[in-house]
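Written below as structure tokens is the structure these notes are about.
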Amino acid sequence: MAKMVEENSVLVQKRIKSWLLLKEKQRGYQAVARHYKHALNRMFLQLNHSALIIVEDDLDVASDFFQYFAGTLPLLMANQNLFCVSAWNDNGRPDLIDLKRSDLLYRTDFFAGLGWMLLRSFWLEIHAGWPDIFWDEYLRKPYVRKNRACLRPEVGRTTTFGRMGISRGQFFDKYLSTMRLNHDWQNFVQMNLTYLHEPGDLPNISTTPTERIRVTYHSQADFDRIAIKLNLMRDIKSGVMRNAFAGVVPTKWKDQWIYINKVFSANPVSTIDNRRNKITKGIICEQQLDESTVIEVIFWFRMRDQIANK
């Protein structure tokens, strides 16, 4: 792997000559945004590469890291409703994932980064509006994302050891330090990934209906309470929860698959309502639990006995 990286890497360095009128603690974010723009312009506009994998300097990568991107590149190139592939799972701690399904991939509307791939065509579309600070928030803006999604794995292909980066350890101790790095090598190049072409579905997880629970919420406060009980990352960026697809956040808790989504819309009024309804009706048991009963899911694991086996 080291030889391949050495032969296919270009070191890009740029010195910041001027700063915006920012507080000193924000200058790191500005430096990163400017470095990204310079590096991406160099790679895409000067060297004319068609795709690029970005790896931060505080990441460990799985043994099948490059296999993962090699297998998903054709999907990214073929689907105009995708804009990136990420190696990161925002809720990728051992108690929230299925370690037996390291082959499983998802679509998500949330841009995570932390080891990700984009195409030259996407950079040509967005580079003129690249911000001078908080570049990742820019990629999450609705007018940039345009209802496009990213791909992400069930078991992360990257973990971070950067506790003292420019974010000063935000989320590190509580969430990031315990993320699981995949150790089960998968041959994604030879794998059938056609299920990821369809933007209206989540993966067909081979569990029985009694192992699937839908937890609904009405408001941000409801979602926060659910996320706290399940120990999920609960911040929302540009209206999107981490790992969410069409407003549905899938997670594993013990041997239960739990799908967190807004209350079912009987009369959908938007595209995202239609997508959410299709997902939740298609693979989740019809009986649903609201936010007030999620405590039972956590503290009384036999909640499955109360769900009809339809």
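Just so you know, full-length UniProt numbering puts 130 at position 130 of the sequence shown, and the rest follows in order with no gaps.
For each residue, glycine too, the CB sits at the ideal point set by N, CA and C.
At the level of alpha carbons, what is the spacing between N250 and F188? It should be pointed out that residue 250 corresponds to Pro in this sequence rather than to Asn. If I take the Cα positions, the gap works out to 22 angstroms.
Alpha carbon to alpha carbon, how far is R120 from I54? Give it in angstroms, no decimals. 13 angstroms
Counting Cβ pairs, one atom from each stretch, are 3 or more of them under 8 angstroms apart for the segment 28-35 and the segment 77-97? no
Determine the closest residue to W130 out of Y36, L118, Y68 and A62, with distance taken between C-alpha atoms. Y36
Nearest residue (CA-CA) to L151, options F161, E125, D132 and L114: L114
With 16 other CB atoms within 10 Å as the buried threshold, where does K310 fall? Its pLDDT being 40, under 50, K310 is placed unreliably in this model, and the value from its coordinates should be taken loosely. Exposed, because fewer than 16 other Cβ atoms sit within 10 Å of the Cβ of K310.
Taking only runs that begin and end inside the segment 32-94, name each unbroken beta strand (DSSP E) of 3 or more residues, in chain order. 51-54, 59-61 and 82-86
What residues match up with N231 in a beta bridge as DSSP calls it? The partner list for N231 (beta bridge, DSSP) is empty, contrary to what the question assumes.
Give me the Cα-Cα distance between I226 and P94, rounded to the nearest whole angstrom. 18 angstroms
Short of 6 angstroms in beta carbon distance, which residues of its chain neighbour N182, apart from the five on each side in sequence? Order them along the chain. A62, S102, V155 and R157
Is the Cβ-Cβ distance between R145 and F245 less than 8 angstroms? no
A149 by DSSP, collapsed to three states: which one? strand
Could you say which of M117, H49 and L99 lies nearest to A70 if we only look at CA atoms? M117
For W257 and L230, I'd like the C-alpha separation in whole angstroms. 12 angstroms
Put W123 into one of helix, strand or coil per three-state DSSP. helix
Can you name the start and end residues of the beta strand (DSSP E) that L105 belongs to? L105 to T108
Is the beta carbon of Y138 sitting closer than 8 angstroms to the one on R212? no
Count the other CB atoms, across all protein chains shown, that sit within 10 Å of the CB of D255; report buried if there are 16 or more and exposed otherwise. exposed
Count the other CB atoms, across all protein chains shown, that sit within 10 Å of the CB of K252; report buried if there are 16 or more and exposed otherwise. buried
In whole angstroms, what is the alpha-carbon distance linking H49 and M43? 6 angstroms
CA-to-CA distance, V248 to M233, given in whole angstroms: 14 angstroms
Where P142 falls, given that 16 or more other Cβ within 10 Å makes a residue buried: exposed
Cβ-Cβ distance between D64 and W185 below 8 angstroms: yes
Measure the beta-carbon distance from W123 to L176 and round it to whole angstroms, keeping in mind my assumption that it falls under 8 angstroms. Not really, about 27 angstroms apart at Cβ, beyond 8 angstroms.
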